[in-house]
Each structure stands twice: as structure tokens, then as C-alpha cells.
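Under full-length UniProt numbering, the first residue of the sequence shown carries the number 1, and numbering increases by one thereafter.
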Amino acid sequence: IIAILGLDELSEEDRLIVARARKIERFLSQPFFVAEVFTGSPGKYVSLIETIRGFQMILSGELDGLPEQSFYLVGNIDEATAKAMNFKEI
Numbered sequence: 001i002i003a004i005l006g007l008d009e010l011s012e013e014d015r016l017i018v019a020r021a022r023k024i025e026r027f028l029s030q031p032f033f034v035a036e037v038f039t040g041s042p043g044k045y046v047s048l049i050e051t052i053r054g055f056q057m058i059l060s061g062e063l064d065g066l067p068e069q070s071f072y073l074v075g076n077i078d079e080a081t082a083k084a085m086n087f088k089e090i
């Protein structure tokens, strides 16, 4: 639907849902050990509890102010927050 209509045609609530979904998609790119060769990023172990906490924070809207690129190739959600702060400093 988004590809056909575009984001502008969505309601404000639907745009918010799409933005959160895109953040989750980026957050799923956690740096895996097996992908080190391809990404150049060292693999990280993230506990299930930490991963769930990150998803809860994204879904609840606590992180709506962070840019979606800050969720890419991070371990836990605290790394995403720190990465977002680095973007603001640039």
C-alpha cells in the first residue's frame, strides 16, 4: 500500500506505525558473529531480555524521536540511543 500510495496518503497514526516498523527492521540487523566478514562490524551477543526490552521501547513510542539509521547494526537498544546522540553532534 505504501509503495502505491506513498506515505503522504497515510493517516498520522499509520505513519507512526510505519516509522516504528522501519526502526524494528533496522534493529533486527543486530551484528551477528557470522556476518562479521560481510559487515565489517564485530559480532555482539545480546540477551533475549535486552532484545525484548528494545522492542518494547520501540513499540511503546519511547524512541520515536530517534532517527531510524541509529538502529542499524547495533547490539542493544542503549547502543542505538548512543548512536543517535552521535548523529546529533555531527
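Don't be surprised by glycine CBs; every beta carbon is placed ideally from N, CA and C.
- About 6 Å separates the beta carbons of residue 36 and residue 42, which is inside the 8 Å limit, making them a contact pair.
- At a cut-off of 3 residues, not a single continuous stretch assigned as beta strand (DSSP E) sits fully inside the UniProt domain "ATP synthase A/B type C-terminal" (1-54).
- Note on residue 77: 16 or more other CB atoms within 10 angstroms of its CB, so buried under the neighbour-count rule.
- Between residue 54 and residue 27, the C-beta spacing is below 8 Å.
- Taken through DSSP and simplified to helix, strand or coil, residue 86 comes out as helix.
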